[in-house]
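Visitor: With the sequence shown counted from 1, adding 225 to any position gets you the working numbering. To start, I am sharing the structure in question, which I have written as structure tokens.
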Amino acid sequence: MSKYSLTPVHDFEKWDEFVEKSLEGTIFSSSDYIQAIEKPHELFYVLKGEEKKAGVSLILSDDRSGCVLDDLVIYNGIFFNFDPTMKSVKSRTERFEITEFIIQELDKRYLPVEMALAPQFEDMRPFLWHNYHSALSEKIYNCDLRYTSYLDISELVFNKNEENTKLFRNLDTLRQRNIREGRKKGAKVVAGRDIQLFLDFYSETLRAQEQSVDAKKEQRMGNLIESLLLKGKAFMYSSENSDGEVGYITIFCKDKKRAYYLFGAGHLQLADRYLGTLSFWEAFGYLARDQGVRQVDLEGVNSPNRGSFKLSFGGDLRSYFQVYKPHNLSDLHR
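Okay, structure coming up:
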């Protein structure tokens, strides 16, 4: 019999405190965020006796038979209790055992199993070694390596001359030129709340890329943004040209550790192409000065165009994993 047990979460306030204290915990596992995405979900503690050792945040399929990835949930899955008094060698062993236990429990409950683990989740061995010698694809986990970019924006809190900051000097030359052009032409970035305008830009972008617009997903996005804005967990920034026309909108959410880039979209018919860069840059300043943010996760550097744009702000590259236990191998190529 295992020394660990899995128990459902009932007290969201205590859950949120646990998420905040965990190194792997992010806003995407908080009760405010999870409840706002309008999808079935399950939250568990891993207990050793009465002690909370880990949390598990899952998004479920509509029939609740599997736990699945969701485009609106950047990270989820497993996160551990942070105990600074425990020796690192003991902590590593315990986390390995807890992860093994969680995998076994998820195997009993769900198929498929999909999670997007935070960059701070380091030890993938329990997933890689699960049913290691099995020839059946449905019995093993696949670990998909992904990347994000972390940007330190702490210099922007007090430094009034942005061009003297290391952050500005590390920007790609084109980004620097965009910011200077925006300043010269009288562009500005303001805090906004026009969710519908953002959704219009978003739909316009998808159509320009010949992608279908998912009306249900768009509605979920709008409801999520509204909920997070009302609770002070998200912030919208709109860049305007000198005529007051909005050219680009960025949306960030935050927890006590960092801010996370959530959404962004622009007015494709507007010629002022520098407004996208300016929207990001000024948002960093607002987040640092007004919200006390020191680090931004620019999640989503996993395709050539978006990856190049976000990395051009000079952040550090961080890896994370999406894990899958599929019905069959074809599930991996959706």
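Quick reminder that beta carbons are idealized off the backbone N, C-alpha and C, glycines included. Being a predicted model, the structure only gives us computed values, none of them experimental.
Using a Cβ-Cβ cut-off of 7 Å (strictly less than) and excluding sequence neighbours within five positions of residue 237, which residues of its own chain qualify?
Guide: 256, listed in sequence order.
Visitor: Tell me, please, which residues DSSP counts as bridged to residue 349.
Guide: Looking at the DSSP assignment, residue 349 forms no beta bridge with any residue, so it has no partner.
Visitor: Could you give the uninterrupted runs of the alpha helix (DSSP H) lying entirely in the segment 312-383, keeping only those of 4 residues or more?
Guide: As far as the segment 312-383 is concerned, its whole alpha helix (DSSP H) runs of at least 4 residues are 313-334, 350-354.
Visitor: Could you check the C-alpha separation between residue 409 and residue 531 for me, to the nearest Å?
Guide: Going from the Cα of residue 409 to the Cα of residue 531 covers about 26 Å.
Visitor: State the beta-bridge partners of residue 243 as determined by DSSP.
Guide: DSSP output for residue 243 lists no bridge partner at all.
Visitor: Kindly provide the ranges of any beta strand (DSSP E) runs that are 3 or more residues long and lie completely inside the segment 398-422, ordered along the chain.
Guide: If we require 3 residues or more, the beta strand (DSSP E) runs fully inside the segment 398-422 come out as 413-417.
Visitor: Compute the Euclidean distance between the alpha carbons of residue 315 and residue 449, then round it to the nearest angstrom.
Guide: Each residue's alpha carbon lies about 39 Å from the other.
Visitor: Alpha carbon to alpha carbon, what distance is there between residue 283 and residue 554?
Guide: Because residue 554 carries a pLDDT of 45, less than 50, the predicted location of this residue cannot be relied on, and the following value inherits that uncertainty. Approximately 22 Å, taken between the alpha carbons.
Visitor: Are the beta-carbon atoms of residue 292 and residue 330 separated by less than 9 Å?
Guide: No, Cβ-Cβ distance for residue 292 and residue 330 is not below 9 Å.
Visitor: Would you kindly work out how many angstroms separate the C-alpha atoms of residue 417 and residue 366, rounded to a whole number?
Guide: Going by the C-alpha atoms only, they are around 42 Å apart.
Visitor: From residue 395 to residue 539, what does the alpha carbon distance come to, in whole angstroms?
Guide: When rounded, the distance between both Cα atoms is 5 Å.
Visitor: Is the beta carbon of residue 486 less than 9 Å from the beta carbon of residue 525?
Guide: Yes, these two residues count as a Cβ contact at 9 Å.
Visitor: Measure the Cβ-Cβ separation of residue 511 and residue 462 and say whether it is below 9 Å.
Guide: Taking 9 Å as the Cβ cut-off, residue 511 and residue 462 qualify as a contacting pair.
Visitor: If you follow the beta strand (DSSP E) that residue 446 is part of, which residue opens it and which one closes it?
Guide: No beta strand (DSSP E) contains residue 446, which is instead part of the alpha helix (DSSP H) from 440-455.
Visitor: Answer yes or no: do residue 480 and residue 244 have a C-beta to C-beta separation smaller than 9 Å?
Guide: Taking 9 Å as the Cβ cut-off, residue 480 and residue 244 qualify as a contacting pair.
Visitor: So, with DSSP's three-state summary, where would you put residue 545?
Guide: In this structure, residue 545 counts as strand in the three-state DSSP scheme.
Visitor: Buried or exposed: residue 302, going by 16 or more other Cβ atoms within 10 Å of its Cβ?
Guide: Label assigned to residue 302: buried.
Visitor: Buried or exposed: where does residue 446 fall if 16 or more other Cβ atoms within 10 Å of its Cβ makes it buried?
Guide: Buried is the call here.
Visitor: With residue 305 as the anchor, note down where its alpha helix (DSSP H) starts and where it stops.
Guide: First-last for residue 305: 302-305, but that is the beta strand (DSSP E), not the alpha helix (DSSP H).
Visitor: Rounding to the nearest angstrom, what Cα-Cα distance links residue 503 and residue 414 in this structure?
Guide: Going from the Cα of residue 503 to the Cα of residue 414 covers about 7 Å.
Visitor: In three-state DSSP terms, what is residue 477?
Guide: Residue 477 falls in the strand class under three-state DSSP.
Visitor: In terms of alpha-carbon separation, which member of 533, 355, 453, 376 lies closest to residue 541?
Guide: Checked all of 533, 355, 453, 376; the closest Cα to residue 541 is 376.
Visitor: Excluding five sequence neighbours on each side, which residues of the same chain lie with their C-beta closer than 8 Å to the C-beta of residue 483?
Guide: These residues qualify, in order along the chain: 375, 518, 519, 520, 521, 522.
Visitor: Taking buried to mean at least 16 other C-beta atoms within 10 Å of its own C-beta, is residue 544 buried or exposed?
Guide: Under this definition residue 544 is an exposed residue.
Visitor: Rounded to whole angstroms, what is the Cα-Cα separation between residue 232 and residue 270?
Guide: Distance between the alpha carbons of residue 232 and residue 270: 5 Å.
Visitor: Does residue 257 come out as helix, strand or coil in the three-state DSSP assignment?
Guide: Residue 257: helix per DSSP, three-state reduction.
Visitor: What three-state label does DSSP hand residue 284 in the structure shown?
Guide: In the structure shown, residue 284 sits in a strand (DSSP, three-state: E or B).
Visitor: In the DSSP assignment, find the unbroken alpha helix (DSSP H) run with residue 533 in it and report its ends.
Guide: Start and end: 529-536.
Visitor: By the three-class DSSP mapping on this structure, what secondary structure does residue 231 have?
Guide: Here residue 231 sits in strand by DSSP.
Visitor: Tell me which same chain residues have a C-beta within less than 7 Å of the C-beta of residue 241, skipping the five on either side of it?
Guide: Only 255, 256 meet the Cβ criterion.
Visitor: In or out: residue 279 buried (at least 16 other Cβ within 10 Å) or exposed?
Guide: Residue 279 comes out buried.
Visitor: Buried or exposed: where does residue 402 fall if 16 or more other Cβ atoms within 10 Å of its Cβ makes it buried?
Guide: It is exposed - the Cβ of residue 402 has fewer than 16 other Cβ atoms within 10 Å.
Visitor: Along the chain, where does the beta strand (DSSP E) that runs through residue 274 open and close?
Guide: Here residue 274 belongs to no beta strand (DSSP E), and DSSP marks it neither H nor E.
Visitor: Measuring straight from C-alpha to C-alpha, what distance separates residue 492 and residue 425?
Guide: One C-alpha to the other measures close to 9 Å.
Visitor: CB-CB under 7 Å to residue 391, same chain, minus the five flanking residues each way: which ones, in chain order?
Guide: If we look at residue 391 and ignore the five residues flanking it on each side, its Cβ neighbours are 380.
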